[in-house]
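Visitor: If you want the working numbering, it's the 1-based position in the sequence shown plus 23. Using N, Cα and C, we set each Cβ at its ideal position, and we do this for glycine too.
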Amino acid sequence: MLLAREFIGYLSRQLVNRLVPAAFESSNPAVAAGSIAQVIEDDLSVEDRLNDEVRDLLDDYSEYMRRENVSYQEMFRKIKNQLLAQRKVIRASGRDTGDGMKLSRDKVNDLSRKIVEMMGKSRDFRIRKDRNEVRLALVREITDLLQLEDRVDRAARQKIKTQKREIAEGGEEYDILHKRYYAEELKKLGINLAG
Numbered sequence: 024m025l026l027a028r029e030f031i032g033y034l035s036r037q038l039v040n041r042l043v044p045a046a047f048e049s050s051n052p053a054v055a056a057g058s059i060a061q062v063i064e065d066d067l068s069v070e071d072r073l074n075d076e077v078r079d080l081l082d083d084y085s086e087y088m089r090r091e092n093v094s095y096q097e098m099f100r101k102i103k104n105q106l107l108a109q110r111k112v113i114r115a116s117g118r119d120t121g122d123g124m125k126l127s128r129d130k131v132n133d134l135s136r137k138i139v140e141m142m143g144k145s146r147d148f149r150i151r152k153d154r155n156e157v158r159l160a161l162v163r164e165i166t167d168l169l170q171l172e173d174r175v176d177r178a179a180r181q182k183i184k185t186q187k188r189e190i191a192e193g194g195e196e197y198d199i200l201h202k203r204y205y206a207e208e209l210k211k212l213g214i215n216l217a218g
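1) Quick check on ALA115: buried or exposed, where buried means 16 or more other Cβ atoms within 10 Å of its Cβ?
2) I need the boundaries of the alpha helix (DSSP H) containing ALA108, first residue and last residue.
3) With DSSP as the reference, label GLU164 as helix, strand or coil.
4) Among all the DSSP beta bridges, which residues are the ones paired with SER145?
5) Where does LEU126 sit, in a helix, a strand or coil, going by DSSP?
6) Where does ARG149 land, buried or exposed, given buried means 16+ other C-beta within 10 angstroms?
7) Apply the 10 Å Cβ neighbour rule to TYR95 and answer buried if 16 or more other Cβ atoms are within range, or exposed otherwise.
8) Give the secondary structure of ILE113 by DSSP, where H, G and I count as helix, E and B as strand, and everything else as coil.
9) Please work out which residues of its chain come closer than 7 Å, Cβ to Cβ, to ALA60, disregarding the five sequence neighbours upstream and downstream, and give them in chain order.
10) Identify whether GLU207 lies in helix, strand or coil by the three-state DSSP scheme.
11) Grab the span of the alpha helix (DSSP H) containing VAL62 for me, first residue to last.
12) Among ALA27, LEU38 and GLN105, whose alpha-carbon lies nearest the alpha-carbon of THR166?
13) Whose C-alpha, out of TYR205, ILE138 and LYS184, is nearest the C-alpha of ARG174?
14) Measuring CB to CB, does VAL112 end up less than 8 Å from VAL139?
15) Using 10 angstroms around the beta-carbon of ASP176, count the other beta-carbons present and answer buried if the total reaches 16, otherwise exposed.
16) Per the DSSP calculation, GLU48 is bridged to which residue(s)?
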């Protein structure tokens, strides 16, 4: 998933903390944050499943691609773009579209729309403003929190780069170090992902 589940939980709790009671109310902030987190996780997991589907397709054609000297990355990108368009899925990754953050502006807008839609259907929320105002407030807060996450992610990556030996991104050791340094950087800012 593009965002760590722990960060999605933090993001959701912060949205509730920052927007209650001005934009919406909730009798149970923990349930409200959980509902928002579920919307975000469900939405981001759609692209994860699509990525898995593309990998499975490419595995079936690996011999052909090797024989024809076709780039795996290029084919992955082409097939994924085609499936995204066919299924009308908004690309989550901002870095793929030139945005600096992990989530694209389009994805942040889409998530805010889905969150407001969920709030309108749930008994756990009472929207206090015009729905579009609430959506715009969500966009501002999500963007602000994603900029924080980006700074933390860059700091964690920089710590890995300063190791005495080179550690390849994508490997198990890299992932373990990134997770540890990421948590350390968040703690420096007073953010504990566990609670």
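Guide: The answer reads as follows:
1) For the purposes of this step, residue 115 is taken as residue 92 along the sequence shown, with counting starting at 1. With 16 or more Cβ atoms within 10 Å of its Cβ, ALA115 is classed as buried.
2) Within the sequence shown, numbered from 1, the residue matching residue 108 stands at position 85. 95-110 is the span of the alpha helix (DSSP H), which, as asked, contains ALA108.
3) The count along the sequence shown starts at 1 and reaches residue 164 at position 141. DSSP places GLU164 in helix when its eight states are reduced to three.
4) Walking along the sequence shown from the start, residue 145 turns up at place 122. Paired residue(s): none; SER145 is not in a bridge.
5) The residue you call residue 126 lines up with position 103 of the sequence shown. Correct three-state label for LEU126: strand.
6) For the purposes of this step, residue 149 is taken as residue 126 along the sequence shown, with counting starting at 1. ARG149 comes out exposed.
7) Taking the sequence shown and counting its residues from 1, one reaches residue 95 at position 72. TYR95 comes out exposed.
8) On the sequence shown, position 90 is the one that residue 113 refers to. DSSP places ILE113 in coil when its eight states are reduced to three.
9) Along the sequence shown, read from residue 1 onward, the residue named residue 60 stands at position 37. Answer for ALA60: ILE31, GLY32 and SER35, listed in chain order.
10) Taking the sequence shown and counting its residues from 1, one reaches residue 207 at position 184. Three-state DSSP puts GLU207 in a helix.
11) On the sequence shown, position 39 is the one that residue 62 refers to. First-last of the alpha helix (DSSP H) with VAL62: 52-83.
12) By one-based count along the sequence shown, residue 166 stands at place 143. The residue with the shortest Cα to Cα distance from THR166 is LEU38.
13) In the sequence shown, the residue the question calls residue 174 occupies position 151. Among TYR205, ILE138 and LYS184, the Cα nearest to that of ARG174 is on TYR205.
14) By 1-based counting over the sequence shown, the position of residue 112 is 89. By 1-based counting over the sequence shown, the position of residue 139 is 116. No; because the gap between Cβ atoms is not below 8 Å, this pair is not in contact.
15) If you number the sequence shown from 1, residue 176 lands on position 153. ASP176 should be labelled buried.
16) Position 25 of the sequence shown holds residue 48. Partner(s): ARG149.
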